[in-house]
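Notes to accompany the following structure.
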Amino acid sequence: MPALRRSSRILAASVSAVAVVVACATFGAPAVSADPVVPTPTAGPPSTPNTESCPYRTSPAAAVDTSEVPPSGQAAPAPLPVPDPPVGGEKLGACGVVTAGNAASIPRGITSAGWLVADAGTGAVLAAKDPHGRYRPASTIKTLLALVALDELDLDTTVTGTRADYSMEGDSAGIGPDGRYTVRQLLQGLLMVSGNDCANALARELGGYEVAVGKMNEMAHRLGAEDTRAASPSGLDAPGMSTSPYDLALIFRAALKNSTFRDLISHKNAPFPGYPPLADVQNDKPHPGYMMQTQNRLLLDDYPGTIGGKTGYTDDARKTFVGAVERSGRTLIVVQMYGLNEVDDSYWDQAKGLLDHGFGIPTGESVGRLVEENTSDSASDPSTGRSSSGDGHSGAVAYPSSEDGAGGSPWTDRLLFGGIGLVVILGLVYAALRVNRRSR
Numbered sequence: 020m021p022a023l024r025r026s027s028r029i030l031a032a033s034v035s036a037v038a039v040v041v042a043c044a045t046f047g048a049p050a051v052s053a054d055p056v057v058p059t060p061t062a063g064p065p066s067t068p069n070t071e072s073c074p075y076r077t078s079p080a081a082a083v084d085t086s087e088v089p090p091s092g093q094a095a096p097a098p099l100p101v102p103d104p105p106v107g108g109e110k111l112g113a114c115g116v117v118t119a120g121n122a123a124s125i126p127r128g129i130t131s132a133g134w135l136v137a138d139a140g141t142g143a144v145l146a147a148k149d150p151h152g153r154y155r156p157a158s159t160i161k162t163l164l165a166l167v168a169l170d171e172l173d174l175d176t177t178v179t180g181t182r183a184d185y186s187m188e189g190d191s192a193g194i195g196p197d198g199r200y201t202v203r204q205l206l207q208g209l210l211m212v213s214g215n216d217c218a219n220a221l222a223r224e225l226g227g228y229e230v231a232v233g234k235m236n237e238m239a240h241r242l243g244a245e246d247t248r249a250a251s252p253s254g255l256d257a258p259g260m261s262t263s264p265y266d267l268a269l270i271f272r273a274a275l276k277n278s279t280f281r282d283l284i285s286h287k288n289a290p291f292p293g294y295p296p297l298a299d300v301q302n303d304k305p306h307p308g309y310m311m312q313t314q315n316r317l318l319l320d321d322y323p324g325t326i327g328g329k330t331g332y333t334d335d336a337r338k339t340f341v342g343a344v345e346r347s348g349r350t351l352i353v354v355q356m357y358g359l360n361e362v363d364d365s366y367w368d369q370a371k372g373l374l375d376h377g378f379g380i381p382t383g384e385s386v387g388r389l390v391e392e393n394t395s396d397s398a399s400d401p402s403t404g405r406s407s408s409g410d411g412h413s414g415a416v417a418y419p420s421s422e423d424g425a426g427g428s429p430w431t432d433r434l435l436f437g438g439i440g441l442v443v444i445l446g447l448v449y450a451a452l453r454v455n456r457r458s459r
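See the structure below:
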């Protein structure tokens with residue numbers, strides 16, 4: 020399936036001569052299809068991470084791979100300042116669980132380190148755990164990219180696919196070189212199947228990788244998302260990337276106000292165009308379009324009132340999700356961050372349980388509020404803890420790698436520094452890292 024195509028699928032653990040030959044022959048060549056990487060389930064009963072000591076107040080957990088190592092000669096960005104008082108209210112400065120309802124009704128075994136439930140209509144935060152903890156967003160940051168694209172691009176503009184789009188690592192909607200796609204179709208692929216190729220194409224339309232990331236950070240600051248710094252358009256891990264459960268709720272709340280966004284995330288299936296034969300493949304045939312299917316299990320499971328949402332996963336970010344459900348005229352947002360995949364794959368049941376808890380809290384009760392959009396860059400507001408510009412939120416901290424300036428990973432630049440004599444070894448390491456850094 021085009022949606023599951025990966026740029027490279029090599030068994031890096033292989034040490035046989037045959038594997039080396041295969042790796043050398045296929046290094047850098049996109050594979051036709053591959054299965055998605057699924058997080059390895061953990062054994063035993065679900066466990067809830069303890070965040071009472073605020074381990075993620077300033078930065079996400081240490082990376083488990085080298086995806087956030089800056090290119091040679093460049094330093095990683097410093098952590099974002101921690102607003103004081105906390106944005107949204109004093110109670111949201113807590114790192115444990117806070118709820119306006121009965122704490123006993125919070126589902127047991129929530130495997131996300133941070134989570135939040137909020138009322139999209141009133142802005143009331145109903146319950147949360149480590150709401151301002153800094154976590155990696157993975158592909159949930161595509162919501163922020165979509166907001167920028169909806170704000171600046173014409174939905175009917177036609178975009179021509181490039182080799183850089185086709186070669187993007189991680190999940191793909193199926194863009195091919197010289198294929199033609201409307202901005203609307205790119206947004207559909209971005210949000211429905213988490214297409215990193217679509218993120219790359221949209222970033223190019225917005226002015227290039229660095230420009231797009233800069234616009235995403237400007238949008239985050241405008242919304243009051245002070246824990247958020249995008250470092251890649253797609254959510255692939257990169258130096259300095261962070262957000263929080265609170266910020267994702269802010270961003271998603273803003274996105275829900277856009278009727279096009281609501282429509283894009285509401286579909287279980289949608290068509291995606293094909294592309295012409297590849298010029299560098301002898302006797303290649305046209306690649307037909309296909310029907311995409313959402314990755315949002317709340318939609319697929321017909322959870323009552325589901326509007327839609329955005330999934331995410333990388334090895335460093337673990338499982339992430341932001342979504343919205345409407346019942347009886349009340350719309351709630353749920354955010355899950357740094358989650359684990361348990362043996363019973365209960366992550367979606369956890370989301371449902373958190374939403375059920377939120378709907379059980381009467382309207383008018385809260386532990387804090389989602390702030391309204393920042394309309395100026397004046398000094399910080401002491402009532403919210405929102406800071407002014409110039410604090411590290413605005414601008415780009417990305418490290419583009421592709422020739423068209425819209426690449427999705429800093430890996431290519433870093434690998435170029437390797438010795439010529441280590442081409443085979445670097446090929447194996449490169450492929451292994453690309454498998455390990457999938458963004459979903």
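Residue 20 is where the sequence shown starts when you use my numbering, and the numbers rise one by one after that. Ideal Cβ positions, reconstructed from N, Cα and C, are used throughout, including at glycine.
Pick from the options: whose alpha carbon is nearest that of residue i?
i	options	result
Tyr228	Phe340, Thr333, Gly214, Ala249	Ala249
Thr6	Gly383, Lys338, Gly377, Ser261	Residue 6 is absent from the model: the chain starts at 20 and stops at 459.
Val106	Gly142, Pro258, Asn302	Gly142
Gly293	Pro323, Leu205, Ile326	Leu205
Thr10	Trp134, Asp103, Gly128, Pro104	Here the chain has residues from 20 to 459 only, and residue 10 is not among them.
Ser385	Pro68, Asn315, Asp138, Pro258	Asp138
Asp282	Ser72, Ala165, Leu373, Asn219	Ala165
Ala336	Arg346, Met356, Gly328	Met356
Ala157	Arg127, Leu255, Arg223, Glu87	Leu255
Ile284	Gln301, Thr313, Phe340	Thr313
Gly214	Phe291, Thr350, Val230	Phe291
Met238	Pro305, Arg349, Glu224, Ala274	Ala274
Arg241	Met211, Lys371, Glu391	Glu391
State the start and end residues of the unbroken alpha helix (DSSP H) segment that holds residue i.
i	result
Tyr265	264-275
Met187	Premise fails: Met187 is in no alpha helix (DSSP H) and is neither H nor E.
Lys371	366-378
Asn281	Residue 281 is actually Arg in this sequence, not Asn. From DSSP, the alpha helix (DSSP H) with Arg281 extends over 278-283.
Asp170	161-171
Arg316	316-319
Cα separation between residue i and residue j?
i	j	result
Val232	Thr162	13 Å
Gly198	Pro296	9 Å
Leu318	Ile326	8 Å
Pro307	Thr179	16 Å
Asp84	Pro381	44 Å
Lys148	Pro102	18 Å
Ala1	Lys329	What is shown of the chain runs 20 to 459, which leaves residue 1 out entirely.
Gly226	Ala123	50 Å
Leu374	Tyr332	21 Å
Tyr200	Gly208	10 Å
Thr262	His286	26 Å
Met310	Ser86	32 Å
Ala81	Leu359	16 Å
Gly120	Gly189	39 Å
Once you ignore the five residues that flank residue i on each side, which residues in its own chain have a CB closer than 6 Å to its CB?
i	result
Asp266	Ala244, Asp246, Thr247
Ile125	His376
Gly387	Gly107, Gly108, Lys110, Leu111, Val144
What are the boundary residues of the beta strand (DSSP E) that includes residue i?
i	result
Leu389	Here Leu389 belongs to no beta strand (DSSP E), and DSSP marks it neither H nor E.
Leu111	Unbroken run through Leu111: none, as it is neither H nor E.
Asp149	Taken as a continuous stretch (DSSP letters only), Asp149 belongs to no beta strand (DSSP E), as it is neither H nor E.
Asp138	133-138
Thr67	It is not in any beta strand (DSSP E) - Thr67 carries neither H nor E in the DSSP assignment.
Lys338	337-346
Ile352	349-358
Ala289	288-291
Tyr309	309-312
Taking 7 Å as the limit between beta carbons, can you name the residues of its chain near residue i, skipping five residues before and five after?
i	result
Asp216	Asp184, Tyr185, Met187, Ser191, Ala192, Ile194
Arg7	An answer regarding residue 7 cannot be provided, because it is not within the stretch 20 to 459 covered by the chain.
Gly6	Because the chain in this structure spans residues 20 to 459, residue 6 falls outside the shown range and cannot be described.
Arg316	Trp367
Leaving aside the five residues before and after residue i along the sequence, list all residues of the same chain whose C-beta is less than 8 Å from its C-beta, in chain order.
i	result
Ala268	Leu135, Ala137, Val144, Val341, Ile352, Val354, Leu389
Arg76	Val101, Cys114, His151, Gly152, Arg153
Asp175	Thr201, Val202, Arg203
Kindly examine the ligand HEM and report whether one of its heavy atoms sits closer than 7 Å to the Cβ of residue i.
i	result
Tyr294	As presented, the structure is devoid of all ligands, the ligand HEM included, so that no description of it is given.
Contained beta strand (DSSP E) runs [length at least 3] in the segment 175-259, N- to C-terminal order: Within the segment 175-259, the complete beta strand (DSSP E) runs of at least 3 residues fall at 177-179, 199-201.
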